[in-house]
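J.: The following block contains the structure, expressed as structure tokens.
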Amino acid sequence: MSSKGPIIVIEDDEDDREFYASAFENLNIENEIIYFLEAEEAYSFLIDTPKQPFLIISDINLPGMSGLDFRKRIKENDYLRKKSIPFVFITTGNNKHSVEAAYDMMVQGYFVKPTSVSELYMMLEQIVSYWKLCKHPNSI
Numbered sequence: 158m159s160s161k162g163p164i165i166v167i168e169d170d171e172d173d174r175e176f177y178a179s180a181f182e183n184l185n186i187e188n189e190i191i192y193f194l195e196a197e198e199a200y201s202f203l204i205d206t207p208k209q210p211f212l213i214i215s216d217i218n219l220p221g222m223s224g225l226d227f228r229k230r231i232k233e234n235d236y237l238r239k240k241s242i243p244f245v246f247i248t249t250g251n252n253k254h255s256v257e258a259a260y261d262m263m264v265q266g267y268f269v270k271p272t273s274v275s276e277l278y279m280m281l282e283q284i285v286s287y288w289k290l291c292k293h294p295n296s297i
């Protein structure tokens with residue numbers, strides 16, 4: 158993790174991507190924000206990029222590979238696992254099975270998508286602030 162690295166967002170809903178973009182802009186987040194509609198595209202990017210991403214934010218319900226399967230593939234790949242990129246879900250799923258499955262994959266957070274843009278701003282501000290303060294083996 159590099160606090161200056163890009164934030165990777167995997168979100169297939171256009172309105173939600175616009176909410177994220179607005180939130181990151183209003184919060185003056187200086188990190189590059191890279192959006193993907195599908196987890197497979199994001200996975201390929203992570204394998205191929207020399208960049209050290211700061212954070213991955215993913216939906217669970219995605220076309221093709223689910224967010225849970227995406228997280229599992231990252232965990233199973235030695236190269237990506239050693240990058241130790243913080244991974245959080247922001248999703249509509251609010252059931253025990255999804256939450257347990259996510260934490261079985263060692264995610265660093267599971268959040269339910271808020272119903273207002275202002276709540277999303279607060280949520281993203283807290284998530285990004287936390288990870289900017291956190292010490293990490295790849296940042297020392």
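Heads up: the sequence shown begins at 158 in our numbering, then just goes up one per residue. All C-beta atoms, glycine included, are put in the ideal place defined by N, C-alpha and C.
1. Quick one: give me the first and last residue of the alpha helix (DSSP H) that F181 is part of.
2. Are the CB atoms of N188 and P163 within a distance shorter than 8 angstroms?
3. Would a C-beta distance cut-off of 8 angstroms place F110 and M280 closer than the cut-off?
4. Counting Cβ pairs, one atom from each stretch, are 3 or more of them under 8 angstroms apart for the segment 171 to 186 and the segment 231 to 238?
5. Look at the Cβ atom of L237, then the Cβ atom of W288, and state whether they are nearer than 8 angstroms.
6. What three-state label does DSSP hand F244 in the structure shown?
7. What number of angstroms, rounded off, separates the C-alpha of Q265 from the C-alpha of F244?
8. Compute the distance between the beta-carbons of D172 and P220, then report whether it is under 8 angstroms.
9. Taking the alpha helix (DSSP H) that F193 falls in, what are its first and last residues?
T.: So, from the listed chains and residues:
1. Within the sequence shown, numbered from 1, the residue matching residue 181 stands at position 24. That run of the alpha helix (DSSP H) goes E171 to N183.
2. Reading the sequence shown from its first residue, position 6 is the one you call residue 163. Reading the sequence shown from its first residue, position 31 is the one you call residue 188. Cβ atoms of P163 and N188: closer than 8 angstroms.
3. Within the shown structure, residues of the chain are numbered from 158 to 297, placing residue 110 beyond reach of any answer.
4. no
5. In the sequence shown, residue 237 corresponds to position 80, counting from 1. In the sequence shown, residue 288 corresponds to position 131, counting from 1. Cβ distance not < 8 angstroms, so L237 and W288 don't count as in contact.
6. The residue labelled residue 244 in the question sits at position 87 within the sequence shown. F244 falls in the strand class under three-state DSSP.
7. The residue you call residue 265 lines up with position 108 of the sequence shown. The residue you call residue 244 lines up with position 87 of the sequence shown. Rounded to whole angstroms, the separation of the alpha carbons of F244 and Q265 is 6 angstroms.
8. Here the question's residue 172 lines up with position 15 in the sequence shown. Here the question's residue 220 lines up with position 63 in the sequence shown. For D172 and P220, no; Cβs fall outside 8 angstroms.
9. Along the sequence shown, one-based indexing puts residue 193 at 36. Element bounds for F193: not the alpha helix (DSSP H) but the beta strand (DSSP E), I190 to F193.
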